[in-house]
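This note's numbering runs 889 ahead of the 1-based position in the sequence shown. Data first, discussion second: the structure below is written as structure tokens.
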Amino acid sequence: MDPITFTVSSFSIPYSKLYLTSTLRLNQFQAEVYKLLGEGKDILLTAPTGGGKTLTLLLNPDVETGSPGFVAVYPNNTLMLNQLCTVEDIIVEHFGANLVETIEHCETGICNDSTGIKRRCECYERNPERRCVEPLTIYKIDESRMEGSWEGPTHIALLLLSGKYIVSRSAPKRESVYNIAKKVLSYRRRGGVYTIIFTTPDTYLLLWTGAYRDFEGVGKTLHNMLLAIAEGKDLETVLRKTGVLARSLVDKTVSTVQRLLNKPLFIDEFHLYSPYEVDALNAILALHRQIMEKPVVFSSATPAEDILEELKSVGIKPVRITARIVNSARGFPVRGETIVNLITVPTERKGLSAYFDASSSVPMIVLDELMERLAALGDGRALLVLERLWMVAELARALHSRGLDVECIASIFPRGSCRPGSKIIVGSEATTQGVNLGRVVLGVTGGTSYEDVIQRIGRVGRKGVDSELYLVVPENALSAITFKSRLDYWGLVEVIRTLYPDYPKRKRDVSNLIPNGLRMIRRKLIASLGMVSIARVSGIKQFYNKININNDVAIRLLDSVIGGPQIYTGLVVFRRTGFSVRYIVADTGDSGETSIGIITRNFKIKGITRDGKIVIDLVRNRTPLRIHTLGDPSPFSGKLVSLKFLLKTLGGRIELGENHIIEESQIEDTLVYIADTGESISDYLSYTGEGAEIHSPTGRRYSVIFI
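Right under this line is the structure:
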């Protein structure tokens, strides 16, 4: 069947009359954001990908309170680093910024003055593996170019505050964070500093709760806090007497970082967060709202209404700003003209299964129908987004064998078949999370959620570049839709909403199986730990009164956790890290660490080494994950427990498929939740890798959910 083809008109966002600098003219929604931030309003910003949402980070001069800048929270390190480079491009081009200082953590000195580098991101281009990235760079702006509305300081600091980039050669990481904060704050005496902190929610949460100073000690702090509340004892006295959360330990890092973090929040791509992560985000915003009292800006091309509804409980009710677009090039250019081709795939299955079938056909469609198009890219790039990692490996190898160079963007890929910087990009969902991939003129994807597809196509045809899209759908998806020959952008969005399901990953995340009551307690626990940390640092006892855990809640949580105090640490980590394993690729020797689900959902397992590494082959396979026990798991039902403790107590072992066994001694410990789900759900979980099915002598099927 020939593709159904239609055209999406090029479009732009109208400019406003407001200039931030002599050369930087704000578009209409940016000008509105600037105004509302000055009024202290929370904002929900919806604009097409490439529409200029990131410029928001330069719109808070805040000269009155002395806290100019933003804290920008990104769901992953790749997007965070990419957005930092976007901001650097803006300040170099429009602020005349010159790099004047870095914190030199990297032994290579790749970003120091002797290299002659003027832009931080040039360092990354010269060091594409990015094994080490300087966490802080400071720029002096050209004051002669500040003829617009810029009222900010004379320096701009860009700080990567993430565990991946905060490295230390000798001192603890907490000392590195303290020294970085001290360096930034010192510029307040040199004409001021506009600070943009790029962070992940994981690191941001650890800093708020004081966990960055002593991560393992957090579990003891939480346990003692709950005991004190359950027994009606004075909390401050208990924490002081038991030696946890001592002021000498938290003061340097938390108090200094608090001064640094006292800025509005920019929450980007928040639709990517799972329910478990939304609970932690809720706690972060509760702390931010009560302590900082600064605005929050939510940014996404596909805003998640269900998440926003969840956040109302902490008083977040943002003003909505939706970018107005015009089908011409008279404003800020967003997308060029796009030819859209719908390729249909016949399938007998229905619902979500039909979309998985269609998405699984993308590699074959590329190889059978699009090779000539890939060979004629000119000076553009192609983006091929695939649903599973095994597809990335399969397609990358096939294209490489046909003489085409490809860049692979995925957590595990065949390194011998991939070359960074190639025109053809083959990737997983990681390619679509807000990352700028350059001049992409061709895009090919399927999908199982309209949110995902809208995000994917947003990487193609940016900055007014004409492009072509191939969207793969099951044949039966076309039955209820008619097509016009030409659409505007919002018309395209509506077509995608009709063609693809409303079923984003967060709705099918296994954390939905954790009881809502326990998730609500976790929200309170995280927020309360933050309050305790702030109370200990500041000496302001009123913060203890804001702890939102009473006697009944404390007793319930203590009763729900089986294991030592250290196990509580897992509850304040932002996201579920899952059951992590080490792996080695059989034919190349490439090795690494990832969640067990990445392995079992995608690749063939060939064996397990004596030291517990899983040997894999990068070919398509799905392997069930089961736990066989000698004892009855029912006493653990509805409880949080360490996986090692569970296996030891019940005489259990983990089986991958039918032939591969992981012993308790070969695993890193992880927090798990035990659920009495019945056979059908436990069997489903065993194939997701996000949990496991328990087989015991009782015959009753329980499930393990990895936290």
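Quick reminder that beta carbons are idealized off the backbone N, C-alpha and C, glycines included.
DSSP three-state assignment for residue i, whether helix, strand or coil
i	result
glycine 1541	coil
arginine 1511	coil
serine 956	coil
cysteine 974	helix
arginine 1425	helix
glutamate 1010	Inspection of the sequence shows that residue 1010 is occupied by cysteine rather than by glutamate. Here cysteine 1010 sits in helix by DSSP.
lysine 1495	strand
lysine 906	strand
isoleucine 1314	strand
arginine 1412	helix
glutamate 1226	coil
leucine 1284	helix
valine 1127	helix
phenylalanine 1432	helix
phenylalanine 1187	strand
alanine 894	Position check: residue 894 holds threonine in this sequence, whereas alanine was assumed. DSSP places threonine 894 in strand when its eight states are reduced to three.
phenylalanine 984	coil
glutamate 1040	coil
arginine 1375	strand
Cβ-based neighbour list, residue i, same chain, cut-off 6 Å, excluding 5 preceding and 5 following
i	result
arginine 1209	Leu933
proline 1513	Ser1575 and Tyr1576
alanine 1609	Missing from the structure shown is residue 1609; the chain here goes from 890 to 1596 and no further.
leucine 913	His983
alanine 1366	Leu1388
alanine 1212	Ile902, Phe918, Ala936 and Gly940
glycine 958	Tyr1083, Thr1084, Ile1085 and Lys1152
leucine 1331	Ala1271 and Glu1357
proline 1252	Met1280, Glu1283 and Leu1284
isoleucine 1161	Residue identity differs from the one stated: residue 1161 is leucine in this sequence, not isoleucine. Only Pro964 meet the Cβ criterion.
Beta strand (DSSP E) segment containing residue i, residue limits
i	result
glycine 927	Unbroken run through glycine 927 is the alpha helix (DSSP H), 917-927; no beta strand (DSSP E).
isoleucine 1346	Per DSSP, isoleucine 1346 belongs to no beta strand (DSSP E); it is in the alpha helix (DSSP H), 1339-1346.
isoleucine 1594	1591-1595
valine 1208	1208-1211
glutamate 990	987-991
arginine 1270	1270-1274
isoleucine 1550	1549-1551
glutamate 1357	1356-1363
tyrosine 1028	1025-1029
isoleucine 1563	1560-1564
isoleucine 932	932-935
phenylalanine 1159	Element bounds for phenylalanine 1159: n/a, residue is neither H nor E.
glycine 1580	1580-1584
cysteine 1307	Segment: none, cysteine 1307 is in no beta strand (DSSP E) and carries neither H nor E.
serine 1531	1529-1531
8 Å Cβ shell around residue i - same chain, five flanking residues per side excluded
i	result
threonine 1483	Ser1300, Ile1301, Ser1469, Val1470 and Tyr1472
isoleucine 1370	Val1384, Thr1387 and Leu1388
arginine 1034	Thr910, Ser911, Thr912, His983, Phe984 and Gly985
threonine 1498	Ile1473 and Val1504
Nonlocal neighbours in the same chain, by C-beta distance under 7 Å from residue i, ignoring five residues either side
i	result
valine 989	Ile1027, Tyr1028 and Lys1029
glutamate 1544	Arg1515, His1517 and Ile1550
aspartate 1246	Val1234, Thr1236, Arg1238 and Pro1363
Buried versus exposed, by CB contacts within 10 Å (16 or more), residue i
i	result
asparagine 1434	exposed
aspartate 1268	exposed
glutamate 863	Nothing can be reported for residue 863, as the shown portion of the chain is limited to 890 through 1596.
asparagine 949	buried
isoleucine 1551	buried
asparagine 1113	buried
aspartate 1002	Confidence is the limiting factor: at aspartate 1002 the pLDDT is only 48, short of 50, which leaves the residue's position unreliable, though a coordinate-based value still follows. It is exposed - the Cβ of aspartate 1002 has fewer than 16 other Cβ atoms within 10 Å.
proline 1429	A small fix is needed here, since residue 1429 is isoleucine in this sequence, not proline. The residue in question, isoleucine 1429, is exposed, as its Cβ has fewer than 16 Cβ neighbours within 10 Å.
valine 1508	exposed
proline 964	buried
methionine 1260	exposed
glutamate 977	buried
Segment limits, alpha helix (DSSP H) that includes residue i
i	result
asparagine 1151	Element bounds for asparagine 1151: n/a, residue is neither H nor E.
serine 1248	1240-1249
isoleucine 1173	1164-1176
serine 1575	1568-1577
leucine 1447	1440-1449
leucine 1197	1194-1199
alanine 1264	1260-1264
threonine 1387	1378-1388
Runs of beta strand (DSSP E) lying entirely within the stretch 1053-1095, each at least 3 residues, in chain order: 1082-1088
4-residue-minimum alpha helix (DSSP H) runs that sit fully inside the stretch 1456-1493, ordered along the chain: Counting only runs of 4 or more, we get 1485-1489.
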